[in-house]
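Here UniProt numbering is used: the first residue of the sequence shown is 1, the next is one more, and so on.
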Amino acid sequence: MKTCTWPGNDPLMIEYHDTEWGVPVHDDRKLFEFLVLDAFQAGLSWKTILHRREGFRRAFDNFDAVKIAAYTEEDYHRLLGDSGIIRNRAKIRGTIRNAQVFLNIQKEFGSFDAYIWQFTGGKTMVNHWDELKQIPATSPESDAMAKDMKKRGFTFCGSTICYAFMQAAGLVDDHLEGCFRKNQAG
């Protein structure tokens with residue numbers, strides 16, 4: 001069975017590729033989870049983040065944006081001491097800030113899902129790549145998403161992070177041609 005090559009032979013990466021990557025997500029909690037994880041990925045490998053995902057879930061109240069938005073200095077310091085996550089001061093503060101902005105967007109649009117899917121016209125963009133090196137790090141859609149998110153107050157939401165988020169949340173299908181998951185994600 002042909003598959004994308006980026007998961008390598010890591011079982012957790014393979015499971016993520018085979019069951020989640022590129023599958024359209026419309027659940028706000030899950031969308032927030034991917035936003036947080038992709039922000040923490042900045043400067044690191046996805047493998048590093050994926051292997052700490054359960055630690056992130058535990059540390060960040062299963063990505064409950066309402067709870068995270070209300071975090072105090074005590075919570076911030078608790079997270080700095082948590083070896084189950086990436087203990088980056090700016091990313092932790094950014095996650096708390098992003099939860100607050102996330103909630104504002106939910107109020108404005110009715111859901112974060114309604115907001116975020118507007119950048120792809122409400123449907124998955126299906127790309128046709130033969131090799132991993134062809135997959136871009138950004139797109140005009142991720143550029144527009146990043147610009148709007150920054151304007152609204154999000155941090156750690158540059159175009160590269162937005163594109164990775166789009167791939168994870170199924171706004172983009174970047175499975176390689178011939179991969180058994182191509183066009184099956186939705």
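All C-beta atoms in this analysis are idealised placements derived from N, C-alpha and C, irrespective of residue type, glycine included.
Quick caveat: nothing in here was measured; it's all calculated off a predicted structure.
Query: Could you check whether the stretch 34-52 touches the stretch 6-14, counting it as contact only if at least three pairs of C-beta atoms, one from each stretch, sit closer than 8 angstroms?; Result: yes
Query: Quick one: what's got a C-beta closer than 8 angstroms to N127's C-beta in the same chain, skipping five residues either side?; Result: I135, V172, D173 and D174
Query: Sort N183, A164 and T72 by Cα distance to A42 and report the nearest one.; Result: A164
Query: Anyone know if the C-beta pair for F63 and E15 falls short of 7 angstroms?; Result: no
Query: Report the option in A137, W129 and Q100 whose CA atom is closest to the CA atom of M149.; Result: Q100
Query: Skipping 5 residues on each side, what residues in its chain have a beta carbon closer than 8 angstroms to that of residue 195?; Result: Nothing can be reported for residue 195: it is not among the residues displayed for the chain, which extend from 1 to 186.
Query: Candidates D143, V66 and H17: which alpha carbon is nearest N98's?; Result: V66
Query: So for V126, helix, strand or coil by DSSP?; Result: strand
Query: From the DSSP output, read off the bridge partner residues of D173.; Result: V126
Query: Below 8 angstroms on the Cβ atoms is my guess for F112 versus D28; work out the distance and round it to an integer in Å.; Result: 5 angstroms
Query: When you compare each of C4, K30, L37 and T3 to F156 by their alpha carbons, which one comes out closest?; Result: L37
Query: Are the beta-carbon atoms of G55 and I86 separated by less than 7 angstroms?; Result: no
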